[in-house]
Amino acid sequence: MKNILVTGGAGFIGSAFARYMTARYPNYNIIVLDKLTYAGNVDNLLPISDEPNYRFERGDIADRTAITRVFQAHDIDTVVNFAAESHVDRSILDADAFIHTDVVGVYILLDEAKKHGVDRFLHVSTDEVYGDVHEGYSVETDPFAPNSPYAASKAGGELMVRSYHVTHGMNTVVTRGSNTFGPYQYPEKLLPFFITEAIDDKNLPLYGDGLQVRDWLYVEDHVTGIDTALHKGVAGEAYNIAGEDNRYNIEVAKAMLALLGKPESLLKHVPDREGHDRRYAMNCDKLRALGWQRAHSFDTGIQLTVDWYRQNEWWWRKIKTGEYLEYYKRQYAARLAARGAFPQLRVGVITAFFPSDCPYALAGQNYGYGCSTMRGAII
Ligand code: NAD
Ligand code: TDX
C-alpha cells in the first residue's frame, strides 16, 4: 500500500480521512479525487494543502477517461471510495445523481481498478442498507432492506463491489458506518443544519414526532474504523462501524441547544420525511475484533462539534447562499409554513403520535387528540 486514491475526499468524511491519513502515514501518498459537487469543498482540505504526500485531482468517478488517467498518473495501488450523493432528503426530491454516482460511478471505479490491478478496494457504505431496524442490532450478514432512494443506491453500489470480489477475485472491503457528525459536515444534515440555524435563532424543523433513533458516530472514529478495515479487514468482508450511542432526534437537538444556550422553543415539529426510517442500530463486534474502538462518546463529540461551528463561521456562512438557499426553500418552506409553531388543535390528517410514555410531549400543550393509549398526536 503506497499510492491511495481517496475518491470523494473533499466531502465531510472523506476529507477527515485524507487529513488523518497524510499525518498518520507519511510514507503513503494520498491522492484525493473529487467532482466537487455542491457538497465537495476544497476548504475541507486546506489543513493539508501543503503536505508533500497529498495531491488533489478534480474528476467524476463515473468518467472512465478521467479515472484511467488518474490511476496511471499516480500509479494507484489502493482505492478508498467515499464519493457519493449522501443526503436522503435530496434523493427524495430527485434521485438521478444518486444513480449516477452511487451505482454507475461505483461500477466504473471498480472496473477501472480491476483493469489497473489495484491491491485493495475499500468501499464506504452505510447502516441505511439494512433499512428500518425496529429492535435489536444489525449484523453484517443481515439482509438488505433499503427504504430511501439514497439507501437503495448505496445498496446497489455495495452489491457491485461484492460481485467484483466474488466474480473477479478483487480484494475488496466494505464498511457500513452509522450517522456521522463533527467538523466540516455540510449544513444540510441534521446536526450541522440545526447548529448553524440555531446560532442565527432560526426555527429548527424536526420531522414528525422527533422520536426516530439514530446511532451517532464521531467523524474521527468513523475514520479510524475505515483505517482499521483497510489494513486488517478480510477480503470480501463487510464491517459495521457503529457509534453505539443511540439517541432520539429530539434528544440530539435538545443537547445541541443546551450547549449553545438557545431555547427549545426553536424546535418546530413539521410534516415527516417520506419513507422515514424509524430506527438504525448496528452491532460492531466484528470490527472491534480487529482492534478498533471509538475514542468519543456522543456527549464529547457534540461538544467538539458545537464548538467548531461556533468558531468557524467563515466555513459555513459562505455555503449557506445560492444553491443552498434554493434547496432550503424546496425542502422546508412548505413544511415550516404548515406549522408556524408547535402544533395546536388543528383539523387535518394525523401524521405522528406521541405514545403515552413519550418523555418529550410537553406538559400543558394541546396536541389535538388524546385517548387512553396516546398522549397526543401531530396533525
Ligand atoms: P458528502 O456529501 O459530505 O461528500 C461526498 C463527496 O463526494 C463530495 O465531496 C462530493 O463532491 C463527492 N462526489 C459526489 N459525486 C461524485 C462523483 N461522481 N465523483 C467524484 N466525487 C463525487 O458525504 P459524506 O457524509 O462525507 O459521506 C461520505 C461517504 O460516507 C458516502 O459514501 C456516504 O454514503 C457514506 N456515509 C456517510 C454517513 C454520514 O452520516 N454522513 C454515514 C455512513 C456512511
Ligand atoms: O431537517 C431535518 N429534520 C429532521 O428531523 C433533517 C435534515 C433531519 N431530520 C431527521 C431525519 C433523521 O431521522 O434527523 C435524522 C438525521 O437526518 P440526516 O442528518 O438527514 O441523516 P440520515 O437520514 O439519518 O442519514 C445519515 O446517516 C446515514 C447520512 O445523511 C447518510 O449519508 C448516512 O448514510
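Residues in the sequence shown are numbered from 650 upward in steps of one, following the working numbering.
Ideal placement from N, C-alpha and C gives every residue a C-beta, glycine not left out.
Check your understanding: How big is the Cα-Cα spacing for Tyr977 and His736?
Key -> By 1-based counting over the sequence shown, the position of residue 977 is 328. By 1-based counting over the sequence shown, the position of residue 736 is 87. Each residue's alpha carbon lies about 13 Å from the other.
Review point. In chain order, what residues of the same chain have a beta carbon less than 7 Å from the beta carbon of Phe720, not counting five sequence neighbours either side?
Key: As a working note, residue 720 is residue 71 in the sequence shown. Closer than 7 Å at Cβ, skipping near neighbours: Glu761 and His765.
Check your understanding: Under the criterion of a Cβ to heavy atom distance below 7 Å, does Ile680 qualify as lining the ligand NAD?
Key -> On the sequence shown, position 31 is the one that residue 680 refers to. No; taking the cut-off as 7 Å, the Cβ of Ile680 has no heavy atom of the ligand NAD nearer than that.
Check your understanding: In this structure, does DSSP put Met941 in helix, strand or coil?
Key -> Position 292 of the sequence shown holds residue 941. Reading off the sequence shown, one finds Trp at residue 941, where the question assumed Met. In the structure shown, Trp941 sits in coil (DSSP, three-state: anything other than H, G, I, E or B).
Point to revise | Within 8 Å, strictly: CB atoms of Arg718 and Ile697 | key: Along the sequence shown, one-based indexing puts residue 718 at 69. Along the sequence shown, one-based indexing puts residue 697 at 48. No, Cβ-Cβ distance for Arg718 and Ile697 is not below 8 Å.
Review point. Arg896: which of Gln861, Gly657 and Glu913 sits nearest, CA to CA?
Key: As a working note, residue 896 is residue 247 in the sequence shown. Arg896 has its Cα closest to that of Gln861, out of Gln861, Gly657 and Glu913.
**Study point:** Straight-line Cα distance separating Asn820 from Asp726
**Key:** Within the sequence shown, residue 726 is the residue found at index 77, counting from 1. Within the sequence shown, residue 820 is the residue found at index 171, counting from 1. So the alpha carbons of these two residues sit roughly 11 Å apart.
Check your understanding: My guess is that Asn730 and His772 are in contact by the Cβ rule of under 8 Å, so how many angstroms apart are they, rounded?
Key -> As a working mapping, residue 730 is identified with position 81 in the sequence shown. As a working mapping, residue 772 is identified with position 123 in the sequence shown. Contact flag correct, Cβ pair sits at about 5 Å.
Check your understanding: Where are the beta strand (DSSP E) runs, 3 residues long or more, that stay fully inside the region 823 to 847, in chain order?
Key -> 828 to 830
Check your understanding: In this structure, what does DSSP give as the bridge partners for Thr727?
Key -> On the sequence shown, position 78 is the one that residue 727 refers to. DSSP output for Thr727 lists Ile653 and Arg769 as bridge partner(s).
Point to revise | Simplified DSSP assignment, three categories, for Phe1003 | key: Taking the sequence shown and counting its residues from 1, the one referred to as residue 1003 is at position 354. Only weak support exists for where Phe1003 lies, its pLDDT of 43 falling under 50; the value from the coordinates is given anyway. It is a strand residue.
Check your understanding: Relative to the ligand TDX, is the shortest distance from any of its heavy atoms to the C-beta of Phe842 smaller than 7 Å?
Key -> Here residue 842 refers to the residue found at position 193 when the sequence shown is read from its first residue. At least one heavy atom of the ligand TDX is nearer than 7 Å to the Cβ of Phe842, so yes.
Review point. What is the DSSP secondary structure of Ile899, counted as helix, strand or coil?
Key: Counted from its first residue, the sequence shown places residue 899 at position 250. Residue state, collapsed to three classes: helix.
Review point. Is Leu808 helix, strand or coil by DSSP?
Key: As a first step, residue 808 must be located in the sequence shown, where it is residue number 159. Helix at Leu808.
Exercise for review: Specify the secondary structure class of Ala887 as computed by DSSP and reduced to three states.
Suggested key: Within the sequence shown, the letter at position 238 stands for residue 887. Note: Ala887 maps to strand in three-state DSSP.
Practice item. May I ask you to list the residues that DSSP assigns as paired with Glu706? Key: Walking along the sequence shown from the start, residue 706 turns up at place 57. Beta-bridge pairing links Glu706 to Leu682.
Review point. Tell me, which residues are paired with Val919 by DSSP?
Key: Within the sequence shown, numbered from 1, the residue matching residue 919 stands at position 270. DSSP lists Tyr856 as partners of Val919.
Review point. Start and end of the alpha helix (DSSP H) containing Arg739?
Key: Along the sequence shown, read from residue 1 onward, the residue named residue 739 stands at position 90. Run containing Arg739: Val737 to Leu742, per the alpha helix (DSSP H) assignment.
Check your understanding: By Cβ distance below 6 Å, which residues in the same chain neighbour Ala878 in space, the five residues on each side in sequence not counted?
Key -> Counting from 1 along the sequence shown, the entry for residue 878 is found at position 229. Closer than 6 Å at the Cβ level, and outside the excluded window around Ala878, lie Val822, Thr824 and Tyr888.
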